[in-house]
Structures are given as C-alpha cells and as structure tokens.
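Each remark here refers to the structure printed beneath this line.
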Amino acid sequence: MPLYYFMNATTVLTFPDAWGYYINGTWNGMIGDVVSGKADLAGSVMFITRQRIDFLDYLIHPSPGLTVKFLFREPPLSYQYNLFLLPFKLNVWLFTLRETLNYKDHHLHIRTINLYLYRDL
71 MPLYYFMNAT
81 TVLTFPDAWG
91 YYINGTWNGM
101 IGDVVSGKAD
111 LAGSVMFITR
121 QRIDFLDYLI
131 HPSPGLTVKF
141 LFREPPLSYQ
151 YNLFLLPFKL
161 NVWLFTLRET
171 LNYKDHHLHI
181 RTINLYLYRD
191 L
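Right, dumping it as structure tokens:
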C-alpha cells in the first residue's frame with residue numbers, strides 16, 4: 071500500500087500549463103499551486119533558480135553530473151513512399167499544388183494573349 075494511504079491523504083494529480091514563473095507579484099504554474107497551498111507537493115525535473123529558492127524546499131539537489139533528459143513521442147515510421155511528404159501536413163501540400171496550378175494557368179493565359187497581340191509581327 072502506498073504511504074499516503076497510511077497518512078489518510080488523498081492523491082490528486084494536476085497538470086499545470088507551466089513549471090512556474092514569477093509574474094506581476096504572483097507565481098503561476100506548478101510553483102504557483104505549491105505556494106498558494108493548492109498543492110502540497112510537486113514533482114518535476116525543475117531547475118533551481120534564485121527566485122524559486124526563496125519559495126520552495128527542494129527534496130533533492132542536482133549534482134554537477136546530473137543530466138536533464140526530455141522524452142518525446144517517437145515519430146511515425148517513414149517509408150520510402152512517404153518520406154518526401156512527411157515534413158508538411160496534407161493541407162500544406164494541397165495549397166502548394168493549387169498555387170502551382172494557378173501559376174501555370176496564369177502564365178499560359180499571358181502567353182496566349184502575347185501570341186495573339188504580336189501575331190502580325
């Protein structure tokens with residue numbers, strides 16, 4: 071059983087939109103939740119800054135050898151047929167195709183007009 075069960079505590083998970091920045095005299099994000107009392111504990115790989123050290127008690131102190139790692143979702147596998155299309159979404163490719171056709175039609179139309187105007191020369 072988890073420790074919070076023996077302490078008669080409840081776990082409530084929240085996902086703030088920021089780690090926490092001091093803006094206009096108040097903290098936002100995760101640090102704002104802890105400072106205001108909305109949260110008792112916050113967990114993250116958060117940098118210790120001069121502003122934050124006055125408001126928070128850190129459980130661990132990063133050592134010089136500590137590295138910060140970020141996790142990202144693995145991109146979809148690319149195959150030979152879709153490798154060229156991956157950089158942009160479908161609507162970007164459709165817009166590019168439309169503009170290419172408009173450009174072609176416009177210049178074909180101008181060439182036809184020029185041939186008509188200068189046919190006697």
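Letter 65 of the sequence shown, counting from 1, is numbered 135 in our numbering, and no numbers are missing.
Beta carbons are placed, not taken as given, at the ideal position from N, Cα and C, and that holds for glycine.
Note that the structure is predicted; figures quoted are calculated from it, not measured.
Rounded Cβ spacing between residue i and residue j (contact assumed at less than 8 Å)
i: G89; j: S114; result: According to the sequence displayed, residue 89 carries Trp and not Gly. Between S114 and W89 the Cβ distance is about 6 Å, and since that is below 8 Å, they are a contact.
i: L155; j: W163; result: 7 Å
Option in the options with minimal Cα separation from residue i
i: A112; options: T119, D127, Q121; result: D127
i: F125; options: P157, Y91, L153; result: Y91
i: P86; options: F76, N78, G102; result: G102
i: D110; options: I118, N98, T81; result: T81
i: T84; options: F165, M100, Y75; result: M100
i: N98; options: A79, L164, R122, M77; result: R122
Which residues DSSP lists as bridging residue i, in chain order
i: T96; result: I93
CB contact below 8 Å: residue i versus chain D
i: D124; result: The question asks about chain D, but that chain is absent: this structure has only one protein chain.
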